[in-house]
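Visitor:
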């Protein structure tokens, strides 16, 4: 509730408020800092195993809470919290160890690891190759599936395969940027992931998971599939071009047009626009050298998303980033995201 009050006040004023900017919020900020200090203390006790209310089983929950607070207020420590979460999971023995936690805690520990892992996967897409959240690449596809499918429905509700594809495309981007793997190896791995994405059937996945009564779920899955392909086209360059069917069409433009069309059909029908923030950012980067009509549509989507008080700060942060990319007129990924950037709501 404390952070919500500040978020709502920021939305009403049209900009993120900082401590001291509004005397009316002095008491709210005091409560916020008190809570943050308390949470840090509890987190440290949990990591040390000395907290009487869950100990190490509760540590990931506290770490992710710190991440969430820092994201809301655009603090710089958010990536450090994700690094800490994955490092802590490894320290206690990884997924296998979490599965052996007492029954009353194991489900919660898995849920919290999933939240940390998903946030790391997504935020690594908009972070430079040299400043990634470390540890994502240590998880196999099977381990990611176990973690992501655990406990509760995903938000957004997507096939695990899409999240895994996003993670692996990022790993290939990092390998290409750092020279950590030969081009032939990267090309072959990219072809494998892109083939899997191309064959993904959103409607079949929705039916399989009993979500057929929710047409927006299938539409969301389609949007993420195309956005991931476009992310690959923007970041893998030649590896993606080698995979693309030789039909004479520029793959990035074809995918951008598909994504814009899908977003256009969905944007006014969905309640939680935060679900589509990442695909919108991908479309925004691709539009840097596109036409004015595309940029106008993307700008309108950001504007609509920021009307929701709880989403104002997140959408405002992202539209500023995308508009800066447009001003620079570049789609080179490492230049667009020279510093780690939060791309999720």
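In our numbering, the protein residues as written are 317 to 661.
Backbone N, C-alpha and C define an ideal beta-carbon position, used for all residues, glycine too.
If you're wondering where the values come from, they're calculated on a predicted model, not measured in any experiment.
Taking all protein chains shown into account, do 16 or more other C-beta atoms lie within 10 angstroms of the C-beta of residue 392, making it buried, or fewer, making it exposed?
Guide: Working through the chain shown from its first residue, we reach residue 392 at position 76. The residue in question, residue 392, is exposed, as its Cβ has fewer than 16 Cβ neighbours within 10 Å.
Visitor: Flag this pair as yes or no: are the beta carbons of residue 600 and residue 638 separated by less than 8 Å?
Guide: Sequence index remark: in the chain shown, residue 600 carries index 284 (1-based). Sequence index remark: in the chain shown, residue 638 carries index 322 (1-based). Yes, the Cβ-Cβ distance between residue 600 and residue 638 is below 8 Å.
Visitor: Could you spell out where the alpha helix (DSSP H) holding residue 659 opens and where it closes?
Guide: Indexing the chain shown from 1 puts residue 659 at position 343. Run containing residue 659: none; DSSP gives neither H nor E here.
Visitor: Is the region 423-432 in contact with the region 471-481, if contact means three or more CB pairs nearer than 8 Å?
Guide: Touching, no.
Visitor: Look up residue 591 in the DSSP assignment and say whether it is helix, strand or coil.
Guide: Within the chain shown, numbered from 1, the residue matching residue 591 stands at position 275. Here residue 591 sits in helix by DSSP.
Visitor: If you count every other CB in all the chains shown that lies within 10 Å of the CB of residue 383, and 16 or more means buried, which is it?
Guide: Counting from 1 along the chain shown, the entry for residue 383 is found at position 67. Residue 383 should be labelled buried.
Visitor: Using the Cα positions of residue 408 and residue 414, report the straight-line distance between them to the nearest angstrom.
Guide: Within the chain shown, residue 408 is the residue found at index 92, counting from 1. Within the chain shown, residue 414 is the residue found at index 98, counting from 1. Between residue 408 and residue 414, the C-alpha separation is close to 8 Å.
Visitor: For a test of the three-state rule: what should DSSP assign to residue 607, helix, strand or coil?
Guide: Reading the chain shown from its first residue, position 291 is the one you call residue 607. Of the three classes helix, strand and coil, the one that applies to residue 607 here is coil, per DSSP.
Visitor: Given residue 507, which residues of its chain have a CB within under 6 Å of its CB, disregarding the five upstream and five downstream residues?
Guide: Reading the chain shown from its first residue, position 191 is the one you call residue 507. Answer for residue 507: 559, listed in chain order.
Visitor: Since residue 666 is in the alpha helix (DSSP H), which residue starts that stretch and which ends it?
Guide: Any question about residue 666 goes unanswered here, given that the chain covers just 317 to 661.
Visitor: Could you check whether residue 375 and residue 385 sit closer than 8 Å to each other, using their CB atoms as the reference points?
Guide: The residue labelled residue 385 in the question sits at position 69 within the chain shown. The residue labelled residue 375 in the question sits at position 59 within the chain shown. Their beta carbons are not under 8 Å apart, which means residue 385 does not touch residue 375 by this criterion.
Visitor: Could you give the distance in angstroms between the alpha-carbon of residue 625 and the alpha-carbon of residue 504?
Guide: The residue labelled residue 625 in the question sits at position 309 within the chain shown. The residue labelled residue 504 in the question sits at position 188 within the chain shown. Computed Cα separation, rounded: 45 Å.
Visitor: Is it buried or exposed for residue 456, if we count other Cβ within 10 angstroms and need 16 for buried?
Guide: Residue numbering aside, residue 456 sits at position 140 when the chain shown is read from its first letter. By the 10 Å Cβ count, residue 456 comes out exposed.
Visitor: Quick one, which of 398, 373, 402, 406 has its alpha-carbon nearest residue 419's?
Guide: By one-based count along the chain shown, residue 419 stands at place 103. Residue 419 has its Cα closest to that of 373, out of 398, 373, 402, 406.
Visitor: Would residue 539 and residue 593 qualify as a contact pair, given that the criterion is a beta-carbon distance under 8 Å?
Guide: Taking the first residue of the chain shown as position 1, residue 539 is located at position 223. Taking the first residue of the chain shown as position 1, residue 593 is located at position 277. No, the Cβ-Cβ distance between residue 539 and residue 593 is not below 8 Å.
Visitor: Determine the direct distance from the alpha carbon of residue 644 to that of residue 514, and round the result to whole angstroms.
Guide: Translated into positions along the chain shown, residue 514 becomes position 198. Translated into positions along the chain shown, residue 644 becomes position 328. Roughly 32 Å between the two C-alpha positions.
Visitor: Can you round the beta-carbon distance between residue 449 and residue 411 to whole angstroms, since I take them to be within the 8 Å contact cut?
Guide: In the chain shown, residue 449 corresponds to position 133, counting from 1. In the chain shown, residue 411 corresponds to position 95, counting from 1. Between residue 411 and residue 449 the Cβ distance is about 17 Å, and since that is not below 8 Å, they are no contact.
Visitor: Does the Cβ-Cβ distance between residue 395 and residue 567 come in under 8 Å?
Guide: Position 79 of the chain shown, counted from the first residue, corresponds to residue 395. Position 251 of the chain shown, counted from the first residue, corresponds to residue 567. No.
Visitor: Under 8 Å Cβ to Cβ from residue 582, same chain only, skipping five residues before and after it: list those, please.
Guide: Walking along the chain shown from the start, residue 582 turns up at place 266. Answer for residue 582: 532, 535, 536, 539, 592, listed in chain order.
Visitor: Between residue 377 and residue 428, is the Cβ-Cβ spacing less than 8 Å?
Guide: Stepping through the chain shown from its first residue, residue 377 is reached at position 61. Stepping through the chain shown from its first residue, residue 428 is reached at position 112. Yes.
Visitor: Does the separation of the CB atoms of residue 332 and residue 390 fall below 8 Å?
Guide: Numbered from its first residue, the chain shown carries residue 332 at position 16. Numbered from its first residue, the chain shown carries residue 390 at position 74. A contact, by the Cβ cut-off of 8 Å.
Visitor: If I'm right that residue 631 touches residue 622 with Cβ under 8 Å, what's the distance once you round it to whole angstroms?
Guide: Sequence index remark: in the chain shown, residue 631 carries index 315 (1-based). Sequence index remark: in the chain shown, residue 622 carries index 306 (1-based). Correct: roughly 4 Å between the Cβ atoms.
Visitor: I need the DSSP call for residue 506, collapsed to helix, strand or coil.
Guide: Taking the first residue of the chain shown as 1, we reach residue 506 at position 190. Correct three-state label for residue 506: helix.
Visitor: Below 8 Å on the Cβ atoms is my contact criterion, and I expect residue 572 with residue 546 to pass it. Report the Cβ-Cβ distance as a whole number of Å.
Guide: Position 256 of the chain shown, counted from the first residue, corresponds to residue 572. Position 230 of the chain shown, counted from the first residue, corresponds to residue 546. Correct: roughly 6 Å between the Cβ atoms.
Visitor: Tell me where the alpha helix (DSSP H) around residue 432 begins and ends.
Guide: Within the chain shown, numbered from 1, the residue matching residue 432 stands at position 116. 419-441 is the span of the alpha helix (DSSP H), which, as asked, contains residue 432.
Visitor: Can you say whether residue 324 is buried or exposed, counting buried as having 16 or more other CB atoms within 10 angstroms of its CB?
Guide: As a first step, residue 324 is located in the chain shown; it is residue number 8 there, counting from the start. With fewer than 16 other Cβ atoms within 10 Å, it is exposed.
Visitor: Measuring alpha carbon to alpha carbon, tell me which residue in 490, 436, 477 is nearest residue 446.
Guide: Counting from 1 along the chain shown, the entry for residue 446 is found at position 130. For residue 446, the nearest C-alpha among the options comes from 490.
Visitor: Between the Cα of residue 435 and those of 527, 406, 483, 555, spot the shortest distance and give me the residue it belongs to.
Guide: Locating residue 435 in the chain shown gives position 119, where the first residue counts as 1. Selected option, being the one with the closest Cα: 483.
Visitor: So the alpha helix (DSSP H) residue 534 belongs to, where does it begin and stop?
Guide: As a first step, residue 534 is located in the chain shown; it is residue number 218 there, counting from the start. Segment 531-552, the alpha helix (DSSP H) holding residue 534.
Visitor: Compute the Euclidean distance between the alpha carbons of residue 527 and residue 590, then round it to the nearest angstrom.
Guide: The residue you call residue 527 lines up with position 211 of the chain shown. The residue you call residue 590 lines up with position 274 of the chain shown. So the alpha carbons of these two residues sit roughly 20 Å apart.
Visitor: Buried or exposed for residue 356, going by 16 or more other Cβ atoms inside 10 Å?
Guide: For the purposes of this step, residue 356 is identified with residue 40 of the chain shown, where counting begins at 1. Its Cβ having fewer than 16 others within 10 Å, residue 356 is exposed.
Visitor: Among the candidates 463, 479, 493, whose CA atom is the shortest distance from the CA of residue 444?
Guide: The residue labelled residue 444 in the question sits at position 128 within the chain shown. Closest option to residue 444, Cα to Cα, is 493.
Visitor: Suppose the cutoff is 7 Å on Cβ atoms and the five residues either side in sequence are ignored; what does the same chain contact list for residue 650 look like?
Guide: Along the chain shown, one-based indexing puts residue 650 at 334. Once the five neighbours on either side are set aside, the close Cβ partners of residue 650 are 444, 445, 493.
Visitor: How about residue 442 and residue 597: are their beta carbons less than 8 Å apart?
Guide: The residue given as residue 442 occupies position 126 in the chain shown. The residue given as residue 597 occupies position 281 in the chain shown. Taking 8 Å as the Cβ cut-off, residue 442 and residue 597 qualify as a contacting pair.
Visitor: Judging by CA-CA distance, which residue of 388, 642, 521 is the nearest neighbour of residue 633?
Guide: For this step, residue 633 is matched to residue 317 along the chain shown. The residue with the shortest Cα to Cα distance from residue 633 is 388.
Visitor: What do you reckon, are the CB atoms on residue 478 and residue 541 nearer than 8 Å?
Guide: On the chain shown, position 162 is the one that residue 478 refers to. On the chain shown, position 225 is the one that residue 541 refers to. Cβ distance < 8 Å, so residue 478 and residue 541 count as in contact.
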